[in-house]
Amino acid sequence: MWFTTGGRRTQSALYRVRWAGKPDENADFAEKAGASVADGGFVRKSDSKWEIKIDPVEVYLPNLENEDRDVRFRMRLGLENSPPDQWRDAALKSQNPWALMALARVGEESDRGPILKILAETIEQGSFAEQPKPNRQSRLDELDGAQRSQTLLTRLRAIQLACIRLGEPTDAEKKMLREALEPLFPHDLQDVNHELCEILVYLRSDKVLGTTLDLLDASDDSRDWSHYLMFLRYLEDDFWTTDDRHRYLEGLKKFDSFAGGRWWIRAGESLRKEFVARLSEEEKSKFAELIPPQQPKPDTPPAAPPTEIVKAWTMEDFANLDVSGRDLKRGEAAYVKGQCAVCHKKAGNGASARAFLGPDLTSIANRFGPSDILESILHPSRVIA
Amino acid sequence: ISTMPPGLIYGLERDEVLDLIGYLAA
Numbered sequence: 436m437w438f439t440t441g442g443r444r445t446q447s448a449l450y451r452v453r454w455a456g457k458p459d460e461n462a463d464f465a466e467k468a469g470a471s472v473a474d475g476g477f478v479r480k481s482d483s484k485w486e487i488k489i490d491p492v493e494v495y496l497p498n499l500e501n502e503d504r505d506v507r508f509r510m511r512l513g514l515e516n517s518p519p520d521q522w523r524d525a526a527l528k529s530q531n532p533w534a535l536m537a538l539a540r541v542g543e544e545s546d547r548g549p550i551l552k553i554l555a556e557t558i559e560q561g562s563f564a565e566q567p568k569p570n571r572q573s574r575l576d577e578l579d580g581a582q583r584s585q586t587l588l589t590r591l592r593a594i595q596l597a598c599i600r601l602g603e604p605t606d607a608e609k610k611m612l613r614e615a616l617e618p619l620f621p622h623d624l625q626d627v628n629h630e631l632c633e634i635l636v637y638l639r640s641d642k643v644l645g646t647t648l649d650l651l652d653a654s655d656d657s658r659d660w661s662h663y664l665m666f667l668r669y670l671e672d673d674f675w676t677t678d679d680r681h682r683y684l685e686g687l688k689k690f691d692s693f694a695g696g697r698w699w700i701r702a703g704e705s706l707r708k709e710f711v712a713r714l715s716e717e718e719k720s721k722f723a724e725l726i727p728p729q730q731p732k733p734d735t736p737p738a739a740p741p742t743e744i745v746k747a748w749t750m751e752d753f754a755n756l757d758v759s760g761r762d763l764k765r766g767e768a769a770y771v772k773g774q775c776a777v778c779h780k781k782a783g784n785g786a787s788a789r790a791f792l793g794p795d796l797t798s799i800a801n802r803f804g805p806s807d808i809l810e811s812i813l814h815p816s817r818v819i820a
Numbered sequence: 008i009s010t011m012p013p014g015l016i017y018g019l020e021r022d023e024v025l026d027l028i029g030y031l032a033a
């Protein structure tokens, strides 16, 4: 991983972070493939990148169960770069969701039916609906590693890929998928719900609209709001009752109330414009109050700008600038009084909650020292981004 | 070119400017 710090004429640095450990000696899959993990990947060997004589069924397929996510990923790429005829049958027989995902990516239209059938059946037979509610902190541990490959999310992604890459499912296939997925929705896990909503909208499930609106009612998480309001748009008019439309418009009102950046606000405007355009004249007058965008209200009203000039400050007035031990409460008040909060968001400053015109200053201290900050205020155009 | 009006800071007392920079640099 590479990253930079600094910028805009302040001191800059470029860092590289790399793993300094030793490769696992037991990882014989790499040896079988004729390369080592340490040289950056089993798939590369001397001058022939993909043309290694490897039996995909013997090497790649079993290692899709490997506990290392990175290895699983490489194994899937290995499968995808082998002729599908060599491993198609074994992949279907294995029912491994990563293998099915690989087949969905490189297979043919005739593979779609078998892939979707296996996924629907394994989802129906699995105990995915009964997953315990995970505790947030342990969730990554719980889902990472080998377990994650077996989770519902991988299967849902494989379904999506099969539909995207191998052509639109037949009506019978759609019905089969709806029957497998509808009982799981709503789920305990948020990201599973997001994927289920997407797929069920695609499958035009009768259940998806009401359930999603219920999920929204119970959620204060902006990730839910941006996701669900976006995907429900794809449902045609005959899926919506007047009550549903009312709930969606109420939802847009709540969407507007989240403190977000400029793209959040623009997304809200676009969703609203598109939704209102689909309303009948009768509904437009019925919902007249909900249709205009809600005016954002900052937590604390913006202060009036100072009218008296104290001094036209220059850099020289603040030579040897030392701001250690300054009063942060008064600094926050000055941030509001000096009108900074009107355009620049700073986390924790309520008056700046709706500011999105200028750059976010929340973590400015990580990149700029006190003199740089003062110079940028006094000479805003000296360095142009 | 920045649209920020530097003049707004002219309405702040010296101490307030220092507190503001201290707040931003914290």
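Protein sequence lines correspond, in order, to chains U and G.
All letters in the first sequence, in the order written, are residues 436 to 820 by my numbering.
All letters in the second sequence, in the order written, are residues 8 to 33 by my numbering.
Even glycine gets a Cβ: it sits at the ideal position worked out from N, Cα and C.
Source: prediction; values computed, not measured.
* Asked: What does residue 774(U) touch in chain G if you count any residue whose Cβ is under 7 Å from its own?
  -> 15
* Asked: Start and end of the beta strand (DSSP E) containing residue 448(U)?
  -> 445-451
* To do: Kindly say whether residue 786(U), judged by its beta-carbon, lies nearer than 8 Å to any beta-carbon of chain G.
  => no
* 7 Å Cβ cut-off: residues of chain G touching residue 758(U) -> 25, 28, 29 and 32
* To do: Measure from the C-beta of residue 748(U) to each C-beta in chain G and report whether the shortest distance is under 8 Å.
  => yes
* **Distance between residue 800(U) and residue 541(U) (C-alpha atoms, nearest Å)** => 48 Å
* Opposite residue 533(U) in the DSSP bridges: which residues? -> DSSP, once it has assigned bridges, lists no residue as partnering residue 533(U).
* To do: May I ask you to list, following chain order, the residues of the segment 698-718 of chain U that have a beta carbon less than 7 Å from some beta carbon of chain G?
  => none
* To do: Per DSSP, which residues does residue 791(U) bridge with? Please list them.
  => Answer is none; residue 791(U) lacks a bridge partner.
* Asked: Are the CB atoms of residue 806(U) and residue 756(U) nearer to each other than 8 Å?
  -> yes
* Can you say whether residue 10(G) is buried or exposed, counting buried as having 16 or more other CB atoms within 10 angstroms of its CB? => exposed
* Check the Cβ of residue 686(U) against every Cβ in chain G and list those closer than 9 Å, keeping chain order. => Going along chain G, no residue has its Cβ under 9 Å from residue 686(U), so there is no contact; the nearest lies around 34 Å.
* Asked: Can you tell me whether DSSP reads residue 508(U) as helix, strand or coil?
  -> helix
* **Candidates 638(U), 681(U) and 632(U), of which the one nearest residue 661(U) by Cα** => 632(U)
* Asked: Helix, strand or coil for residue 454(U) per DSSP?
  -> coil
* To do: Give a yes or no on whether the C-beta atoms belonging to residue 644(U) and residue 670(U) are separated by under 8 Å.
  => yes
* Report yes or no: do three or more beta-carbon pairs, one from the segment 523-531 of chain U and one from the segment 491-504 of chain U, lie closer than 8 Å? => yes
* Report the three-state DSSP secondary structure of residue 748(U) (helix, strand or coil). => coil
* Endpoints, beta strand (DSSP E) assigned at residue 766(U) -> Where residue 766(U) is concerned, there is no enclosing beta strand (DSSP E), although the alpha helix (DSSP H) it sits in stretches over 763-772.
* Expressed to the nearest angstrom, what Euclidean distance is found between the alpha-carbon atoms of residue 596(U) and residue 627(U)? -> 16 Å
* **DSSP three-state assignment for residue 482(U), whether helix, strand or coil** => Because the pLDDT at residue 482(U) is just 48, under 50, the model does not fix this residue reliably, and the value given afterwards should be weighed accordingly. Of the three classes helix, strand and coil, the one that applies to residue 482(U) here is coil, per DSSP.
* Are any of the Cβ atoms in chain C nearer than 8 Å to that of residue 761(U)? -> No chain C appears in the structure shown, which is made up of the protein chains U and G.
* Asked: Taking the alpha-carbon positions, what's the residue 649(U) to residue 770(U) distance?
  -> 40 Å
* Residue burial classification, residue 536(U) (beta-carbon count within 10 angstroms, cutoff 16) -> buried
* Asked: Between the C-alpha atoms of residue 18(G) and residue 630(U), what's the straight-line distance to the nearest angstrom?
  -> 52 Å
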